[in-house]
Amino acid sequence: MEDRLPRKLAAILYADVAGYSRLTGEDEDATHRRLSEYLDQIAVTIERHGGRVMHYAGDAVLAMFEAVVDALSCAAQVQNELKTRNEDLPDERKVQFRIGVNLGDVIEDRDDIYGDGVNVAARLEGLAEPGGICISESVHTAVGNKLPFHYEFLGEQEVKNIVKPVKAYHARLKPDAVLPEPRGTPRKGKRMQRPVVAAVVVLLVVVGGALTWLKPWEPREEPASIERMAFPLPDKPSIAVLAFENLTGDAAQEYLSDGISENIITELSRFKQFFVVARQSSFSYKGKPVEVRQVGRELGVRYVLEGSVQTSGNKLRVTAQLINTMDGNHLWAERYDRERKDIFAVQDEITRTIVATLAENIDLAEYERTRSKPPQSLTAYELWARGETQWLTFTKGGNEQARQLYERARKLDPGYAEAYAGLAWVHINGYRWGWSETLSRDESLTLALEMARKAVELAPFNHYSHWALANALMQSGQIEQALVEYDRALERNPNDASLLADSAEPLVYAGRPKEAVVRMKTAVRLNPYHPDWYLWTLGWAQYFGGDYEEALASLKKMSQMPNLARRSLATTYVRLGRLEEARAVVAEFLKNDPDYTLEKLRLNIKGKFINPADEKRLIDDLRKAGLPE
């Protein structure tokens, strides 16, 4: 329609006071004064996180952010600050805010925003607990594991004036979690006309400028321009690893910072889905004042990794940060503190951890980048990246969407090995969980093996191809051959934490659960912001290893438990003698999958366990928990 107003994708934060009418009824003047102070503080925190206050409505505030990570970080920071302010007040006088965060389309008009994106944020605020945060499915997907939150799924919520149900989550900071430093740039927006707020903002700008001057290793967030790049951007994610800065004060320690940078380049190059600039090019900026925009433009890369190395006595500190050259945003930052007892072993450990975490964060950034692109304009890589996100939901619908995306990628580029490997994974799921509408389980397994072998044929040195083949072999009951293929994949890339985690499963089938647990704990260490399925696999291995309390602890750490994982939780409860809880878990499992039986389980695990006693234990425990024959 010609009169349709332009829309944009934005992160929206809506905050409102819980029990405001009661508070004002008890002491109107004191409540108003305290609310006024709190709104000032919230406005400052929003601006520090790169957001913009759009309007106030009595006790509520609406803000908009360009980056959803900034919006959720801001929400958590606001609640932390207000919690501190409320500590000395009696419970009945505390002014607590509920906050809703949504990622959606908005209409921006006359310095304000409107539309369903705003309405959903307001409805989410109403679902939040006092002092808590409620987010939408779009926020949960976009943020992924970038922030240290636990997420509690609230189901699909029917909310006022929104046609479709809204999938909602409580977002809670993990214990002792540290939020990243605000990475946004203060922007002009509607503000309450209060001198104290203006003064605080000016002070923050001055202090922020001083800190930037005192910390020259912090990147300058200036955007690159695709049109001005010396080289066209590759279809796949491109990254330059700059020489880490030696902050030890000793030129003789240069080998340490250079060594870490060089190792990261070497190990990151094992991920064949990335384009990694050679050392000679990225090290050409060493010792020079350089801007991210310049690196992006001159090397033709979308991402830059930079960092520093410091020592103090027997202590070593390495910092690393990933920056998007397109918009200057920090996508990830981490600090590693280690003892220098065996400097080269420590260097290798830090390198592997950085690379494993970096790879996942690039994948998340790529998903967020491609999510809003029109489907018809997607490249084969972008189709594959979207497919990965879908099949990792571990749902039938997600698996089918992934299959369609991988098929489109294969047609677009018939020589693209990752597309065949992706198809192998969706057919593995079709065999394992019966998720194919058109194929029998045997046909799904046959196709999984066919697609995986084609991927290996096209890319014999690609760890992802061997990984898909290894899992397909495991599903077919060829456990020893599967272990060989997992080893081949790990030889090609020992830094893929998810590959390492997945390779633990056949060790359990082979009667080696203790080894599987060790491997899983290594994967968790390599990728501290790991997805939930790591904990699922760890708990499963601990169950077969007889460590039932540890298994329960691992499974309970999952922020959102897939229905299939409830089987592992139920068997663990059985072994701990907690039968009522085991039966309650199975009842919840059957509510979501009423047709699942022990017979289906037998088909899934047929021929996999080398020790028949392990298979019998699993079936017996699920029978005790109430799973029907």
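Following the working numbering, the numbering of the sequence shown begins with 42 at its first residue and continues without gaps. All C-beta atoms in this analysis are idealised placements derived from N, C-alpha and C, irrespective of residue type, glycine included.
Rounded straight-line distance, which links the Cα of residue j to that of residue i
i, j, result
"Y461", "P455", "9 angstroms"
"G348", "A530", "29 angstroms"
"L540", "L464", "17 angstroms"
"R658", "R393", "37 angstroms"
"T55", "A84", "Residue identity check: residue 55 is Tyr in the sequence provided, not Thr. Computed Cα separation, rounded: 12 angstroms."
"T125", "G518", "56 angstroms"
"P669", "A625", "14 angstroms"
"N127", "R74", "14 angstroms"
"S600", "V549", "24 angstroms"
"L453", "Y472", "26 angstroms"
"I520", "P547", "6 angstroms"
"E656", "Q445", "35 angstroms"
"E407", "D276", "11 angstroms"
"F324", "D299", "9 angstroms"
"V317", "K329", "21 angstroms"
"A51", "A104", "10 angstroms"
"M561", "P572", "12 angstroms"
"H211", "L195", "7 angstroms"
"A116", "K135", "18 angstroms"
"L80", "V102", "8 angstroms"
For residue i, the three-state DSSP class (helix, strand or coil)
i, result
"T182", "helix"
"Q137", "coil"
"Q715", "A query on residue 715 cannot be resolved here, the shown segment of the chain reaching from 42 to 670 and no further."
"L663", "helix"
"D70", "helix"
"N440", "helix"
"F316", "strand"
"D573", "helix"
"N601", "Before going on, a small fix: residue 601 reads as Gln here, not Asn. Three-state result, Q601: coil."
"V159", "helix"
"W373", "strand"
"G580", "helix"
"S353", "strand"
"L197", "Here residue 197 turns out to be Glu, not Leu, going by the sequence shown. Of the three classes helix, strand and coil, the one that applies to E197 here is strand, per DSSP."
"I651", "coil"
"R553", "coil"
Assigned exposure category for residue i - 16 Cβ within 10 Å defines buried
i, result
"D662", "buried"
"Y296", "exposed"
"Y353", "It is worth fixing the name first, because residue 353 is Ser in this sequence and not Tyr. Exposed."
"N503", "buried"
"N633", "exposed"
"Q321", "exposed"
"P278", "buried"
"V219", "exposed"
"T479", "exposed"
"Q417", "exposed"
"A71", "exposed"
"R89", "buried"
"E532", "exposed"
"P216", "exposed"
"L567", "buried"
"S477", "buried"
"S481", "exposed"
Any chain D beta carbon closer than 9 angstroms to residue i
i, result
"T392", "Here chain D cannot be found, since the structure has a single protein chain."
Contact set for residue i: own chain, Cβ-Cβ below 6 angstroms, skip 5 residues either direction
i, result
"A592", "G580, Q583, Y584, T613"
"A421", "A450, L453, D454, Y457"
"A443", "G428, Q431, W432, V467"
"S179", "L144"
"L488", "H468"
"Y637", "none"
"W258", "Note on W258: pLDDT 34, under 50, position unreliable in the model; the coordinate value appears next. Only E286, S349 meet the Cβ criterion."
"L309", "V317, V396"
"R213", "H191"
"E409", "A183"
Cut-off 8 angstroms between Cβ atoms - residues of its own chain near residue i, not counting five sequence neighbours on either side
i, result
"K205", "none"
"L274", "I267, G341, V342, R343"
"I203", "D157, N160, V161, R164"
Proximal residues to residue i (C-beta, below 7 angstroms), its chain only, five neighbours per side dropped
i, result
"E169", "One detail in the question is off: residue 169 reads as Ala in this sequence, not Glu. Closer than 7 angstroms at the Cβ level, and outside the excluded window around A169, lie R139, I140, G141, C175."
"L405", "G185, K187"
"V497", "S506, H507, L510"
"D100", "D57, V58, Y61, L76"
"S595", "L576, L579, G580, Q583"
**Asked** Is the region 152–159 touching the region 115–124, taking contact as three or more C-beta pairs under 8 angstroms?
**Response** no
**Message:** Measuring CB atoms only, is the region 375–387 touching the region 301–318, in the sense that at least three cross pairs come out at less than 8 angstroms?
**Reply:** no
**Request:** Mind the definition here: the region 360–373 touches the region 316–336 only if three or more C-beta pairs lie below 8 angstroms; say whether that holds.
**Result:** yes
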